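In order, the protein sequence lines correspond to chains A and B.
Read in numbering that gives the first Met the number 0, the first sequence has 175 at position 176, and its numbers run on one by one without any break.
Read in numbering that gives the first Met the number 0, the second sequence has 215 at position 216, and its numbers run on one by one without any break.
Don't be surprised by glycine CBs; every beta carbon is placed ideally from N, CA and C.
Please read all numbers here as calculations on a predicted model, not as lab measurements.
There are 2 protein chains.
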Amino acid sequence: MRAPTPTVTPAATSTAAVSLNAESPTAPASTATSSSDTYHHGDLRRVLLDAAAKSIAENGAAALSLRALAATAGVSHAAPVHHFGDKAGLFTAVATEGFTLLGEELHSVWTETGDFLEIGVGYIRFALEHRGHFEVMFQPELMNLADPRLVDAKTRAFATLDEPLAAAGPDRDDQQAHLAGLASWSIVHGLATLALSDNLSQIDLADPEDLARHVLMFLRVV
Amino acid sequence: MRAPTPTVTPAATSTAAVSLNAESPTAPASTATSSSDTYHHGDLRRVLLDAAAKSIAENGAAALSLRALAATAGVSHAAPVHHFGDKAGLFTAVATEGFTLLGEELHSVWTETGDFLEIGVGYIRFALEHRGHFEVMFQPELMNLADPRLVDAKTRAFATLDEPLAAAGPDRDDQQAHLAGLASWSIVHGLATLALSDNLSQIDLADPEDLARHVLMFLRVV
DNA sequence: CCTTGGATCTTGTCAATGGAAAGATTCTGC
DNA sequence: GCAGAATCTTTCCATTGACAAGATCCAAGG
Numbered sequence: 000m001r002a003p004t005p006t007v008t009p010a011a012t013s014t015a016a017v018s019l020n021a022e023s024p025t026a027p028a029s030t031a032t033s034s035s036d037t038y039h040h041g042d043l044r045r046v047l048l049d050a051a052a053k054s055i056a057e058n059g060a061a062a063l064s065l066r067a068l069a070a071t072a073g074v075s076h077a078a079p080v081h082h083f084g085d086k087a088g089l090f091t092a093v094a095t096e097g098f099t100l101l102g103e104e105l106h107s108v109w110t111e112t113g114d115f116l117e118i119g120v121g122y123i124r125f126a127l128e129h130r131g132h133f134e135v136m137f138q139p140e141l142m143n144l145a146d147p148r149l150v151d152a153k154t155r156a157f158a159t160l161d162e163p164l165a166a167a168g169p170d171r172d173d174q175q176a177h178l179a180g181l182a183s184w185s186i187v188h189g190l191a192t193l194a195l196s197d198n199l200s201q202i203d204l205a206d207p208e209d210l211a212r213h214v215l216m217f218l219r220v221v
Numbered sequence: 000m001r002a003p004t005p006t007v008t009p010a011a012t013s014t015a016a017v018s019l020n021a022e023s024p025t026a027p028a029s030t031a032t033s034s035s036d037t038y039h040h041g042d043l044r045r046v047l048l049d050a051a052a053k054s055i056a057e058n059g060a061a062a063l064s065l066r067a068l069a070a071t072a073g074v075s076h077a078a079p080v081h082h083f084g085d086k087a088g089l090f091t092a093v094a095t096e097g098f099t100l101l102g103e104e105l106h107s108v109w110t111e112t113g114d115f116l117e118i119g120v121g122y123i124r125f126a127l128e129h130r131g132h133f134e135v136m137f138q139p140e141l142m143n144l145a146d147p148r149l150v151d152a153k154t155r156a157f158a159t160l161d162e163p164l165a166a167a168g169p170d171r172d173d174q175q176a177h178l179a180g181l182a183s184w185s186i187v188h189g190l191a192t193l194a195l196s197d198n199l200s201q202i203d204l205a206d207p208e209d210l211a212r213h214v215l216m217f218l219r220v221v
């Protein structure tokens with residue numbers, strides 16, 4: 000049926016890309032950080048992470064293709080293996096970066112405003128702005144939950160909330176403080192998740208952060 | 000390395016299953032609704048839906064394999080196509096059933112208790128008991144959002160909440176009622192999602208419904 | 001300058017999967 | 001009974017993730 004085309008896999012594309020720069024005298028230097036453009040282009044791991052987050056944000060985690068990712072980065076289909084091991088490793092790296100970014104975001108909100116409610120607003124803003132990371136962070140089946148770097152990033156991100164939570168309710172005992180934190184986390188996480196799953200389309204989302212503030216006013220904690 | 004096994008695909012299993020019941024005199028009648036057991040075994044759609052929900056609950060939606068599903072049901076790998084079209088169609092059917100079940104559950108809770116807080120508890124109970132359905136219901140990328148049956152089931156499920164929400168806050172205007180409903184939905188949805196994503200492992204989950212009641216006490220709505 | 005080891009990337013290959021096409025079998029209504 | 005519809009099977013193909021083996025580049029020491 001399809002005999003005329005003798006196994007011309009997509010690899011042909013990358014092969015062509017490789018062959019065209021054999022000792023080209025005029026160094027292109029398209030990006031300032033690329034040393035040789037094919038081998039060891041320096042930040043492949045970062046490029047792949049960014050492309051993964053973007054792809055997940057646009058098409059969901061289930062539709063992510065390692066091979067398509069490698070193609071957009073201009074490397075062979077097996078190149079990602081060296082940096083992430085397998086697909087779960089890539090998701091784990093995305094989630095780890097996500098928890099680190101989230102922790103930094105919430106920490107800076109707290110130091111700048113000192114307002115517990117604004118931390119909740121920041122949580123929702125993070126989910127909307129880093130949709131790719133956020134989606135992976137809360138799908139444990141996709142990643143390796145035991146990865147030490149993931150556990151560490153997660154732990155540090157949540158440790159950021161100890162001080163704000165204590166400040167919001169100084170008179171609560173451990174049990175009540177824990178429940179108050181869980182209630183706060185639940186409402187912001189729920190609102191973020193609903194927004195990302197197309198369940199707030201009927202609502203005016205002109206300013207998501209303002210909507211978040213109004214919703215959070217129904218929480219007794221703040 | 001693996002030469003000794005000459006391409007024994009899973010199809011061999013279903014073939015064997017077919018050949019063993021060629022005109023067996025003693026009608027097995029394992030399930031009362033199966034007419035011929037191979038062709039037209041009556042409730043393949045139902046069997047596939049149940050198997051899908053179970054598989055998703057155990058391994059996540061991303062790991063669902065249509066072929067494995069068909070194998071467990073004892074049919075060929077293309078049989079599901081006729082009932083669901085493609086993988087997105089199957090997810091759509093699971094989500095549709097989920098919204099219908101959720102609507103029925105919440106409605107019966109309201110008629111039995113008349114307590115708005117208990118509806119929230121019922122939401123979380125549903126998520127934990129029908130984990131497979133719940134996971135799919137809020138991953139729009141997996142399904143066909145425009146499917147009329149899905150839209151209908153979704154609409155009717157949420158319409159169930161109109162009366163309870165109005166009863167919980169009779170003095171609120173439309174704007175405030177809408178926000179109160181969103182806040183309630185957010186906190187129960189968030190708690191359910193966090194529970195399903197292994198983020199409540201540190202908390203005593205001996206009685207999830209009791210935990211839900213304690214968390215919901217932080218909501219000004221109830 | 002040269003070499004040696006490690007890091008990084010490529011090529012080739014395989015099994016599993018989703019999907020499509022075409023045909024076989026069974027059921028239903030007339 | 002019979003024609004058409006519904007249901008299921010068989011066969012085939014492109015894509016994907018994973019693995020193995022090899023090629024290329026870099027860094028450091030002689």
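### Query
Comparing the C-beta of R66 (chain B) with each C-beta of chain A, is any distance below 8 Å?
no
### Message
According to DSSP, simplified to helix, strand and coil, what is L181 (chain B)?
### Response
helix
### Boundaries (first-last residue) of the alpha helix (DSSP H) holding A130 (chain B)
The identity of residue 130 (chain B) in the sequence shown is Arg, whereas the question assumes Ala. First-last of the alpha helix (DSSP H) with R130 (chain B): 130-136.
### Query
Taking DSSP as the reference, what is the three-state secondary structure of L199 (chain A)?
coil
### Query
Between the C-alpha atoms of A87 (chain B) and T71 (chain A), what's the straight-line distance to the nearest angstrom?
26 Å
### Task
Quick one: give me the first and last residue of the alpha helix (DSSP H) that H106 (chain B) is part of.
DSSP places H106 (chain B) inside the alpha helix (DSSP H), whose first and last residues are 86-112.
### Task
For T192 (chain B), go through chain A and note every residue whose CB falls closer than 8 Å to its CB, in chain order.
F137, H188, G189, T192
### Task
For S35 (chain A), count neighbouring C-beta atoms within 10 Å of its own C-beta (all shown protein chains included) and say buried if the count is 16 or more, exposed if not.
With a pLDDT of 44 at S35 (chain A), under the threshold of 50, the modelled position of this residue cannot be trusted, and the question is left open.
### Query
Would you call the segment 130-137 of chain A and the segment 90-100 of chain A in contact, with 3 or more CB pairs under 8 Å?
yes
### Task
Please check if any C-beta of chain A sits within less than 8 Å of the C-beta of A78 (chain B).
no
### Query
At a CB-CB cut-off below 8 Å, which residues of chain B make contact with V214 (chain A)?
L178, L181, A182, S185
### Task
Quick one: list the residues of chain B neighbouring V46 (chain A), beta-carbon separation under 9 Å, in chain order.
Within 9 Å Cβ-Cβ: nothing; V46 (chain A) doesn't reach chain B, min ~24 Å.
### Task
Compare the Cα-Cα distances from A158 (chain A) to each of A:L101, A:R124, A:L195, A:S54 and report the closest residue.
Ranking A:L101, A:R124, A:L195, A:S54 by Cα distance to A158 (chain A) puts A:L101 first.
### Task
At 9 Å on the CB atoms, spell out the chain B contacts of G59 (chain A), in chain order.
Q138, P139, E140, L141
### Query
Taking only beta-carbon atoms, is V108 (chain B) less than 8 Å away from chain A?
no
### Task
Report the three-state DSSP secondary structure of L141 (chain A) (helix, strand or coil).
helix
#### Entry: Interface positions of the segment 162-178 of chain A facing chain B (Cβ-Cβ less than 8 Å), listed along the chain
Here the close residues are H177, L178.
### Query
Using the C-alpha atoms, what's the distance from D114 (chain A) back to A300 (chain A)?
Since the first and last residues shown for chain A are 0 and 221, residue 300 (chain A) lies out of range.
### Query
Just checking, does the segment 71-86 of chain B make contact with the segment 40-48 of chain B on the three C-beta pairs under 8 Å criterion?
yes
### Amino acids of chain B, ordered along the chain, whose beta-carbon sits closer than 8 Å to that of S243 (chain A)
Outside the modelled stretch of chain A, which goes from 0 to 221, sits residue 243 (chain A), for which no answer is possible.
### Message
Going by the DSSP bridge assignment, what does L218 (chain A) pair with across the sheet?
### Response
Residue pairing for L218 (chain A): DSSP places it in a beta bridge opposite B:L218.
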